[in-house]
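To keep things clear, I will list the structure first and then write my remarks on it.
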Amino acid sequence: AITQNKRDTDLLLGVDAQGLHIYSPNSKLNPKKSFPWSGIRNISYSEKEFTIKPLEKKNDVFKFYSSQLRVNKLILQLCIGNHDLFMRRRKVDTIEVQQMKAQAKEEKARKKMERQILAREKQMREDAERAKEEMERRLFQLQDEARLANEALLRSEETADLLAEKAQIAEEEAKLLAHKAADAEQERQRLEVTAMKTKEEKRLMEQKMRESEQLAVKLVEQSERRLKEADHLKQDLTEAKDAERRAKQKLLEITKTTYPLIAAYSTPPAPP
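Laid out in structure tokens, this is it:
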């Protein structure tokens, strides 16, 4: 505790990096008076009296008293230490120190740039590796799609050839049955013209005529059935050819997509 004069009440003194501060015992947060280090010209004490002389001569000298002499010594040591620290912070570095700081700053910036370059190169390598893996995966996928499309095309071609062969056979059988039906009809007509007058001959003739008619009807039905089968086979052949055309088109599209990837994969990457 200190007093500003021998009759005043007690005060508190604070010393920090900014300067000296005088507080009331009842208010230790807001100083009653402050003396920044930049505004103090001299600090001294004599016995228990402590004197603060401001830098501006027009300002009054501030004096206070402590109860013990050793307190003034301690206050002076605190003031000297904090004032020295204050002056060091304000002191301009020498050219050598400035150069050393500049070199240290440049070295720090250079190392930072090197780390950034290494990190960027590492990222570029990782990106290139991922791109290469993705390209390989896509290439394998397209090659597999091309293989499946080619197999589908071969199956379509085999199916089309088989259907064409069946359609041709059915058409030839239909023509043969139609020809037999015509022959049977001619035979029936001939028998009708040359029918015998006797009952037995007439009965036999009628039986042969019925058999000829039945055979003719059966042959006509078979001919029509074979013609329908031929039509169905022709329709299946048309659908098979359409499937073959679509398979060829898909294979062509896959080939157009695969060739650029193969060319890009086989070309070595440009150096960074």
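Here the UniProt record's numbering is used: position 226 in the sequence shown is 226, and no number is missing along the way. Glycine included, every Cβ here is placed at the ideal spot set by N, Cα and C. All values derive from a computational prediction rather than experimental measurement.
Runs of the beta strand (DSSP E) spanning 3 or more residues and lying entirely within the UniProt domain "FERM" (1-90) occur at 10-15, 19-23, 33-36, 40-46, 49-54, 62-66, in chain order. Listed in chain order, the non-local C-beta contacts of residue 257 below 7 Å within the same chain comprise 142, local neighbours out to five positions each way being set aside. Unbroken beta strand (DSSP E) stretches of 3 residues or longer found wholly inside the segment 152-178: none. By the Cβ rule, the segment 247-257 counts as touching the segment 144-155, because three or more pairs are nearer than 8 Å. Between the alpha carbons of residue 179 and residue 185 lies a distance of about 10 Å.
Assignment of residue 255 by DSSP, reduced to helix, strand and coil, places it in the helix class. The beta-carbon distance between residue 42 and residue 53, rounded to whole angstroms, is 4 Å. This is short enough to meet the 8 Å contact definition.
In its chain, beyond the 5 residues on either side, 254 have a beta carbon closer than 7 Å to the beta carbon of residue 145. Taken atom to atom, the span from the alpha-carbon of residue 216 to that of residue 182 is near 8 Å. Across the structure, residue 137 and residue 123 are spaced so that their CA atoms are roughly 21 Å apart. Non-local C-beta neighbours of residue 157 in its own chain, meaning closer than 7 Å and more than five positions away in sequence, comprise 244, ordered along the chain. The alpha-carbon separation between residue 129 and residue 115 amounts to approximately 21 Å. 213 is the residue among 202, 213, 166, 170 whose C-alpha sits nearest the C-alpha of residue 189. For residue 238, the secondary structure class from DSSP, reduced to helix, strand or coil, is helix.
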